[in-house]
Amino acid sequence: MVSSEVTPQCLSFRDPAGGAVRIGDAFYRRITAAGREDWRRFNDSGLAGELVADGLLLPFGEAVKQPSGDWLAPVETLEFVSYSHEWAFGQFRDAAVLTLELLLRALERGMTLKDASSCNVQRHRGRTVFVDHGSFTVYREGEVWAGYRQFVSHFLGPLLLMARGDRRHQLQLRNFPDGLPLDYVARALPRRNLFSLQALVHIYGHAWFQKRLQDTTDLRPPEIRPLPRKRFQTLLLSLREFLAGLKSPAESGEWSDYYDHTSYSEASFLDKQRIVRELCRELAPRRVVDLGANTGVFSRIAAEESEVVIAADVDFPAVDRLYGQLRGSVDGARIYPLQQDLCCPSPGFGVLNRERLPFLERARADLALGLALVHHLAIGSNWPLPLVGALFAELAPAAVVEFVPKSDIQVRRLLRTRPDIFPEYGRAGLLAAFGRYYRRVKAFPIAGSDREIFLFDGRIQ
Amino acid sequence: MKRRIFWSAAAAAVGLFFFPWNAWAYLDPGAGSMAIQALAAAVFTVAVFFRQIRGWICSLFRKGSRHGKL
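Respectively, the protein sequence lines represent chains L and P. Mapping to numbering that gives the first Met the number 0: the first sequence position 48 is 47, numbers consecutive. Mapping to numbering that gives the first Met the number 0: the second sequence position 14 is 13, numbers consecutive.
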């Protein structure tokens with residue numbers, strides 16, 4: 000079958016020296032004859048051990064020789080794979096800084112990285128880790144940085160556009176799996192960036208050089224000046240310092256003051272938290288997906304009782320803020336913040352549309368939370384209620400869903416500028432819609448409020 | 000003819016040895032990207048140098064104001 004040729008997750012299959020392999024539920028790094036020398040050096044130099052000990056590289060085991068002649072080294076399984084077009088700004092920045100940090104450390108041990116793809120980095124158990132063990136290769140003095148173009152198109156370009164252009168430029172990465180083209184970034188960046196030395200050199204200058212040298216009928220390799228190691232290190236250090244200090248746009252999202260303008264009293268909000276906490280305790284899910292996570296209050300509650308919580312929200316500032324709060328915190332280690340528009344969740348794309356998997360496949364969980372969400376889908380985005388049920392059924396065998404009636408201020412706000420064409424939107428409609436997908440339901444009214452929380456389980460297969 | 004082949008192969012071997020990019024790199028580094036790197040590195044080396052000079056000058060003035068005029 001053709002699709003089995005493409006391994007799930009965007010792991011390297013382009014490198015003949017080896018790639019990532021999945022056998023059953025376990026993942027391995029494959030090392031072919033071409034990659035053997037690099038692998039040996041990577042381990043023997045102490046670089047691999049140092050990076051794993053410092054929590055910068057995904058832990059892995061001894062490589063074992065296979066009958067085919069290749070070696071297979073088991074690697075720790077990632078709980079949740081995400082792609083750069085979904086990341087919080089802080090996560091994106093941390094991934095860029097990590098790549099540079101690893102390059103600097105590798106250079107100290109006579110090694111370097113073959114590439115600089117955003118697929119090489121993942122969030123894992125609360126840390127930003129490098130997952131492409133096969134990317135390390137022997138460095139020869141004077142060698143140019145092979146990953147420079149890729150670093151700019153995967154990291155620097157998008158980050159600059161997100162910070163100094165529009166935060167939503169990030170979504171263009173769905174259309175450009177190998178990163179944003181340099182000429183695109185140069186055109187889209189506000190003109191004042193010509194005065195920024197980093198942008199001037201790495202974006203504008205780089206794009207100009209690229210254009211000048213691309214059209215040639217000359218088949219001889221170009222004459223390139225060597226790049227001395229010291230200069231290379233200076234370049235990397237200046238990039239790292241610049242990126243570490245790059246700030247995300249300071250906007251106030253329409254949702255981030257959400258909890259200040261609700262119909263809740265303090266007591267109702269606490270009761271809602273209590274209900275969700277007790278349900279999570281009772282269900283004991285290993286994996287939870289929190290749709291419309293916003294400030295992450297309920298993601299944190301779910302994280303108390305589970306191993307993995309995928310916290311998805313459409314609002315960029317909310318996701319950015321949530322990542323900022325979780326960063327470095329121990330109890331935040333189980334939470335994976337993500338930007339997702341549920342009306343258009345990340346599709347499968349890349350080679351054969353399987354190189355990157357759809358969000359709805361990756362986010363499958365034991366429990367799906369939909370708190371203060373349904374009215375936004377059903378009324379805000381005109382979803383028929385059965386489709387809302389279908390969304391939850393697609394993701395998890397159990398769902399905890401909050402129903403917000405039309406009398407609530409949040410729904411009245413959604414209907415402020417339009418006629419009420421939603422006669423079926425109501426408690427009975429919701430129960431009927433979800434009843435098509437789940438056999439059982441339990442209701443939990445929130446004290447001091449018109450809202451109710453429903454637990455749906457017993458998914459109909 | 001054989002001599003020509005021999006010298007071409009020798010030149011290629013020497014060239015391969017001195018080519019400024021990794022033999023096993025699977026990624027196309029891009030001609031333009033390679034060309035600008037030496038320039039970029041030089042620019043930032045100079046920028047760092049100027050920043051160090053500026054820092055040194057500023058530290059002189061700070062020291063001067065601490066001790067007051069003699």
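Yeah, the Cβ is synthetic: ideal placement off N, Cα and C, and Gly gets one too. Here the structure is a predicted model, which means the values were calculated and not measured.
Cβ-Cβ separation, residue j to residue i (assumed contact under 8 Å), whole Å
| i | j | result |
| --- | --- | --- |
| L337(L) | I309(L) | 6 Å |
| L429(L) | F391(L) | About 11 Å; that fails the 8 Å criterion. |
| G464(L) | R126(L) | The question about residue 464(L) has no answer, for chain L in this structure spans 0 to 460. |
| D165(L) | V287(L) | So it is not a contact: roughly 31 Å between Cβ atoms. |
| S32(P) | H205(L) | 7 Å |
| F358(L) | V400(L) | About 19 Å; that fails the 8 Å criterion. |
| Y109(L) | V137(L) | A small correction: the amino acid at residue 109(L) is Gly; Tyr does not occupy that position in the sequence shown. Their Cβ separation, rounded to whole angstroms, is 7 Å, which keeps G109(L) and V137(L) in contact under 8 Å. |
| A505(L) | L394(L) | The structure shown does not extend to residue 505(L), since chain L is modelled only from 0 through 460, so no value can be given for it. |
| A45(P) | S237(L) | According to the sequence as given, residue 45(P) is Val; it is not Ala. No, V45(P) and S237(L) are not in contact; Cβ-Cβ is about 11 Å, not under 8 Å. |
| S264(L) | P284(L) | No, S264(L) and P284(L) are not in contact; Cβ-Cβ is about 29 Å, not under 8 Å. |
Residue interval of the alpha helix (DSSP H) (run including residue i)
| i | result |
| --- | --- |
| I408(L) | 408-413 |
| H205(L) | 205-213 |
| Y322(L) | 315-325 |
| D340(L) | Looking at the DSSP string, D340(L) is not in any alpha helix (DSSP H), and its letter there is neither H nor E. |
| V308(L) | It is not in any alpha helix (DSSP H) - V308(L) instead sits in the beta strand (DSSP E) that spans 307-312. |
| T98(L) | 88-107 |
| G388(L) | 384-394 |
| V184(L) | 181-187 |
| T233(L) | 228-243 |
| V296(L) | 296-304 |
| F421(L) | From DSSP, F421(L) is part of no alpha helix (DSSP H); its letter is neither H nor E. |
Closest by C-alpha distance to residue i, when choosing among the options
| i | options | result |
| --- | --- | --- |
| D214(L) | F49(P), G29(P), V42(P) | G29(P) |
| A371(L) | W382(L), W70(L), N293(L) | N293(L) |
| R167(L) | H84(L), L102(L), R224(L) | H84(L) |
| Y183(L) | P346(L), V151(L), L212(L) | V151(L) |
| S247(L) | R186(L), A311(L), A162(L), W86(L) | A162(L) |
| A332(L) | Y147(L), R21(L), G295(L), K271(L) | G295(L) |
| N119(L) | M110(L), G146(L), Y138(L), F455(L) | G146(L) |
| Q90(L) | R326(L), H374(L), P404(L) | R326(L) |
| G369(L) | L71(L), D289(L), L101(L) | D289(L) |
| S81(L) | A185(L), K441(L), G347(L) | G347(L) |
| L235(L) | P284(L), W144(L), L172(L) | W144(L) |
| V473(L) | R39(L), E78(L), Q232(L) | There is no way to answer for residue 473(L), as the model of chain L reaches only from 0 to 460. |
| G461(L) | A72(L), R13(L), L106(L), R412(L) | The structure shown has nothing for residue 461(L), since chain L only spans 0 to 460. |
| R124(L) | D330(L), S406(L), Q460(L) | D330(L) |
| C343(L) | I274(L), D43(L), D114(L), A311(L) | A311(L) |
| E49(L) | L101(L), R230(L), A427(L) | L101(L) |
Sequence-distant residues of the same chain with beta carbon closer than 7 Å to residue i, five excluded per side
| i | result |
| --- | --- |
| G388(L) | A432, F433, R435, Y436 |
| T31(L) | P15, A16, G17, D69 |
| S267(L) | I445, A446, G447, S448 |
| W55(P) | none |
Spatial neighbours of residue i in its chain, beta-carbon cut-off 8 Å, leaving aside the 5 residues before and after
| i | result |
| --- | --- |
| L242(L) | R92, A95, V96, L99, F154, L155, L158 |
| L413(L) | H374, H375, I378, G379 |
Cutoff 6 Å; reference residue i; Cβ partners in own chain excluding five residues on either side
| i | result |
| --- | --- |
| G252(L) | Because the pLDDT of G252(L) is 46, which lies under 50, any placement of that residue in the model is unreliable, and the question is left without a value. |
| V74(L) | F26, R28, L57, F59 |
| L181(L) | H205, A206, Q209 |
| A340(L) | At residue 340(L) the sequence reads Asp, which differs from the Ala that was named. Around D340(L): V313. |
| P225(L) | G141 |
Terminal residues of the beta strand (DSSP E) in which residue i lies
| i | result |
| --- | --- |
| L112(L) | 110-112 |
| V143(L) | It is not in any beta strand (DSSP E) - V143(L) carries neither H nor E in the DSSP assignment. |
| L160(L) | From DSSP, L160(L) is part of no beta strand (DSSP E) but of the alpha helix (DSSP H) over 156-163. |
| I520(L) | In the structure as shown, chain L starts at 0 and stops at 460, and residue 520(L) therefore has no counterpart that could be examined. |
| L71(L) | 70-74 |
| Q121(L) | 120-123 |
| L454(L) | 451-458 |
Subject >> chain L contacts from the region 41-58 of chain P (Cβ-Cβ distance under 9 Å) >> reply: Here the close residues are A41, V42, F43, T44, A46, V47.
**OP:** Give the residues from the region 224-245 of chain L that approach chain P closer than 7 Å (Cβ to any Cβ), ordered along the chain.
**Re:** Under the 7 Å Cβ criterion, the region 224-245 of chain L contributes R224, P225, L226, R230, F231, T233, L234, S237.
**OP:** Report the residues of the region 180-200 of chain L with a CB closer than 8 Å to any CB of chain P, ordered along the chain.
**Re:** For chain P, the residues of the region 180-200 of chain L that bring a beta carbon within less than 8 Å of one of its beta carbons are L196, V200, in chain order.
**OP:** Residues of the region 142-171 of chain L with a CB closer than 9 Å to any CB of chain P: list them in chain order, please.
**Re:** Within the region 142-171 of chain L, the residues whose Cβ lies closer than 9 Å to some Cβ of chain P are E142, V143, W144, A145, G146, Y147, R148, Q149, V151, listed in chain order.
Original post:
According to a CB-to-CB cut-off of less than 9 Å, which residues of the region 24-38 of chain P neighbour chain L?
Top reply: The region 24-38 of chain P vs chain L, Cβ under 9 Å: A24, Y25, L26, D27, P28, G29, A30, G31, S32, M33, A34, I35, Q36, A37, L38.
**OP:** Name, going along the chain, the residues of the region 89-107 of chain L whose beta-carbon falls closer than 8 Å to a beta-carbon of chain P.
**Re:** Those residues of the region 89-107 of chain L placed with their C-beta closer than 8 Å to a C-beta in chain P do not exist.
Subject >> Residues of the region 36-55 of chain L whose Cβ lies closer than 8 Å to any Cβ of chain P, in chain order >> reply: Of all residues in the region 36-55 of chain L, D37 have a Cβ within less than 8 Å of some Cβ in chain P.
Subject >> Within 8 Å of chain P by C-beta, residues of the region 105-126 of chain L in sequence order >> reply: Residues of the region 105-126 of chain L with a Cβ closer than 8 Å to any Cβ of chain P, in chain order: T111, K113, D114.
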